[in-house]
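Have a look at the structure below, then the notes.
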Amino acid sequence: MKRFTGLFLALCIGGIANQSALAQEKETALVPLPSLDDFTKGENGWAFGLGGGIEYESAYEGSDEFGFEVDPAGAVQWRSGDNIFYFAGEALGWRGLRAENWLFEATVAFEEGREEGDSDDGYLDGLGDTEEGTEIVLQARRAFDADWRYWLDGRVITGDNGNIGIFGVGRRFGEQNDGTGSELALVAVYHDSERANRDFGITASQAAASGLDETYLDSGLRSFGLHYNYRQYLNENWLIYVEGLYERYSSDVEESPIARNNYEAELGVGFIYIF
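Going by the working numbering, the sequence shown opens with residue 3, and the numbers climb by one from there.
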């Protein structure tokens with residue numbers, strides 16, 4: 003997998019740099035960050051992107067089982083000046099740029115639950131399925147300068163199954179203003195007790211059914227880690243993306259019998275066609 007990823011990134015960077023350089027002069031993203039999809043190419047009105055990718059990831063949070071999953075990608079977007087409204091699969095939202103170095107975002111999204119069958123080895127047997135739910139995501143990013151070379155990020159995710167806070171600092175690589183290039187962020191994730199026990203807690207009845215120890219978690223640090231994003235145009239319409247994530251769980255999460263690994267990781271590669 004490491005050899006494949008290195009070769010793939012080398013082809014992306016070396017084989018299409020000249021084509022992307024031609025496009026970046028006339029295409030300006032709302033914010034030039036590869037972690038934020040922007041299909042508008044600097045123009046007001048409607049924009050559409052449709053594609054898909056394949057991810058190699060943990061079967062569920064805390065799992066030591068990994069597998070491949072095919073996921074859709076893209077969005078329907080409408081831009082008006084420094085505002086973009088979008089619909090992306092299970093998320094409906096808005097993001098807006100203010101004073102060149104402040105980005106705000108609000109999203110309503112659907113959050114999938116965990117199923118017993120997510121573990122092929124039967125490690126979730128007796129725990130039942132966790133509930134699905136609706137989430138509201140509020141985000142603010144603050145750049146240190148107008149070109150968004152360095153930035154700070156804060157997100158609050160609140161919903162039916164508890165709350166999560168995500169705080170990060172990032173670095174953007176490349177000189178493009180069209181949302182391509184690469185980006186690396188260091189993040190810390192916090193959860194309240196409701197969300198912590200939804201994902202890693204074990205009630206008395208679950209303990210009796212599964213044979214695992216009853217477990218209760220307090221609110222606090224959930225994980226810390228690195229997020230990587232890469233975007234590049236192959237031509238005027240095709241966009242390639244690479245996404246990677248590694249998060250190391252806190253000691254409290256590690257002690258849960260559900261967490262058979264002390265980290266969560268995923269790597270994804272895909273293509274999007276921009277109409």
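The beta-carbon is built from N, C-alpha and C at its ideal position, and this holds for glycine as well.
- In the three-state scheme derived from DSSP, where H, G and I count as helix and E and B as strand, Val-255 is classed as helix.
- In this structure Ala-148 is exposed. Its beta-carbon is surrounded by fewer than 16 other beta-carbon atoms within 10 angstroms.
- Looking at the backbone, the Cα of Arg-200 and that of Asp-66 are separated by about 19 Å.
- Sequence-distant partners of Ala-90 (beyond 5 residues in either direction) whose C-beta falls short of 6 Å from its own C-beta, in its chain, are Ala-77.
- Rounded to the nearest whole angstrom, the C-alpha separation of Trp-153 and Val-171 is 6 Å.
- In this structure Phe-273 is not in contact with Glu-249, their Cβ atoms being roughly 26 Å apart against a cut-off of 8 Å.
- Going by DSSP, Gln-208 is part of the alpha helix (DSSP H) stretching over 206-212.
- Take the alpha-carbon of Asp-215 and the one of Glu-107: they are about 40 Å apart.
- Three or more pairs of CB atoms, one per stretch, sit closer than 8 Å, so the region 259-267 contacts the region 52-68.
- Between the region 31-47 and the region 231-244 there are three or more inter-stretch CB-CB distances shorter than 8 Å, so the stretches are counted as touching.
- Asp-220 sits close to Ser-195, with the two beta carbons spaced by under 8 Å.
- Going by DSSP, Ser-195 is part of the alpha helix (DSSP H) stretching over 195-202.
- If you draw a straight line from the Cα of Leu-32 to the Cα of Gln-178, it is about 12 Å long.
- Glu-114 and Gly-53 have their C-alpha atoms spaced approximately 21 Å apart.
- The region 176-191 makes no contact with the region 122-130, as fewer than three CB pairs between them are under 8 Å.
- The C-alpha of Arg-100 is placed about 35 Å away from the C-alpha of Glu-63.
- If you draw a straight line from the Cα of Ser-121 to the Cα of Ala-206, it is about 21 Å long.
- The DSSP-derived three-state label of Glu-245 is strand.
- A residue is called buried when at least 16 other Cβ atoms come within 10 angstroms of its Cβ; Gly-119 does not meet this threshold and is exposed.
- In the DSSP assignment, Asn-237 is bridged to no other residue.
- In this structure Ala-145 is buried. Its beta-carbon is surrounded by 16 or more other beta-carbon atoms within 10 angstroms.
- Beta bridge pairing from DSSP links Trp-153 with Ala-145 and Gly-172.
- Within the DSSP secondary-structure output, Gly-167 pairs in a beta bridge with Val-158 and Tyr-192.
- Gly-47 and Thr-30 do not touch by the CB rule: their CB atoms are close to 15 Å apart, not below 8 Å.
- Ranked by Cα distance from Arg-116, the first of Thr-109, Ile-159, Asn-163 and Tyr-243 is Asn-163.
- Leaving aside the five residues that flank Phe-169 on each side, the residues in its chain whose CB is nearer than 6 Å to its CB run, in chain order, Gly-156 and Ala-190.
- In the same chain as Ile-260, and ignoring 5 residues on each side of it, the C-beta atoms closer than 6 Å to its own belong to Gly-64 and Phe-202, in chain order.
- The C-beta distance from Ile-276 to Leu-241 rounds to 6 Å, short enough to fall under 8 Å.
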